[in-house]
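Structure record follows, encoded as structure tokens.
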Amino acid sequence: MVMCFAFVWYQVMDTSNWRFQLQAASRRRMVNRIVVTLKRHLPCSGQEGLDELNKIAVRFEEKIYNDATSPVDYLQKISLKMQSMEHSDWRAQLQPDSRQRIVNKIRDTLQRHLPFSGHEGLNELVKIAVRFEEKIYTAATSQSDYLRMISLKMLSMEKQIITKS
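Mapping of the sequence shown onto my numbering: position 71 corresponds to residue 249, and the numbering continues sequentially without gaps.
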């Protein structure tokens with residue numbers, strides 16, 4: 179009798195609706211991943227804070243779940259939202275010495291191609307390199323954007339200097 183009921187329910191269930199195929203455990207894992215991401219970006223203290231982050235994550239996941247048109251769409255929307263949260267904090271993930279190494283490379287490029295004299299001239303090149311890096315650092319939207327912009331500017335600087343020679 180029970181098997182018959184399960185068979186009938188399965189027949190009645192709309193198998194074309196992807197939401198029936200997505201297991202509750204999968205959705206819970208997604209909510210847990212969202213909570214972990216939120217913890218990195220929002221202040222949270224004690225059990226109350228954790229409960230609040232969990233509520234935010236559940237509402238976030240439910241909205242995407244309801245708006246999605248397929249499992250792929252669901253995963254893409256979740257990934258894009260989580261990625262945009264991560265991008266907002268890319269600067270904190272950048273190694274402190276990375277920026278200094280980039281400034282040094284910019285200074286080296288300027289040194290090779292611009293005339294300077296003595297310690298004062300070198301200090302001026304360092305100031306130019308620091309301002310150059312800070313401008314790109316501020317304008318970049320992600321770490322990959324930052325590195326891309328630095329690379330393009332360095333390349334264009336090299337090309338301009340070569341064509342002037």
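A virtual CB, placed ideally from N, CA and C, is assigned to each residue, including glycine. From a predicted model like this one, the values you see are computed outputs, not experimental measurements.
Note on E312: under 16 other CB atoms within 10 angstroms of its CB, so exposed under the neighbour-count rule.
Shortest Cα-Cα distance from L330 to any of I284, Q225, D245 and T247 involves I284.
In terms of Cα proximity to I242, the closest of L292, I328, R205 and V281 is R205. Pairwise C-beta distances place the stretch 267–286 out of contact with the stretch 227–244, as fewer than three of them are shorter than 8 Å. According to the DSSP assignment, N244 belongs to the alpha helix (DSSP H) that extends over G224 to D245. If the five residues before and after W268 are omitted, its C-beta is found closer than 7 Å to the C-beta atoms of S320 and Q321, all from its own chain and listed in chain order. Annotated three-state conformation of Q321 is helix, per DSSP. Taking C-alpha positions only, F198 is separated from L216 by approximately 28 Å.
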